[in-house]
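Counting the sequence shown from 1 gives a position; our numbering is that position plus 6.
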Amino acid sequence: MNDWSEFIKQQKGVINQKVEACKKGIADNPGTGDEQVARQRFKVELGALEDAIIRIEQGKYSLCGCGKTISRGRLIAMPTANTCMECNGR
Ligand SMILES: [Zn+2]
């Protein structure tokens, strides 16, 4: 798997699955007490996932704001990562 476009296609599949899981999570938590906390967490994750999809569509998915490429290992571990290791550590 040396092809980035193939890798990104795979990541998009993973992200879409997570989007569905988040939407379900939001729907399953009507928003009282602890459920509200869970619902909020799903909403935050959903926002990050949608942001990742936008970056995929713009062809910037693996690009950090500093101009460096985010490593595949990092993107596999965290599909919504939008910074390289260095920027993340800052
Ligand atoms: Zn960076």
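Just so you know, even glycine gets a beta-carbon here, dropped at the ideal spot from N, CA and C.
All of these numbers come straight from a predicted model, not from anything done at the bench.
State yes or no: is the C-beta of residue i nearer than 6 Å to some heavy atom of ligand 1?
i, result
"E92", "yes"
"C28", "no"
"K15", "no"
"T75", "no"
"T89", "yes"
Which of the three DSSP states is assigned to residue i in this structure?
i, result
"K18", "helix"
Using only the heavy atoms of ligand 3, determine whether one of them is closer than 6 Å to the beta carbon of residue i.
i, result
"T86", "Although ligand 3 was asked about, the structure shown includes only ligand 1 as ligands."
Taking the alpha carbon of residue i as the point to measure from, which residue in the options has its own alpha carbon closest?
i, options, result
"G53", "I76, K29, E63", "K29"
"D34", "E12, T89, K49", "K49"
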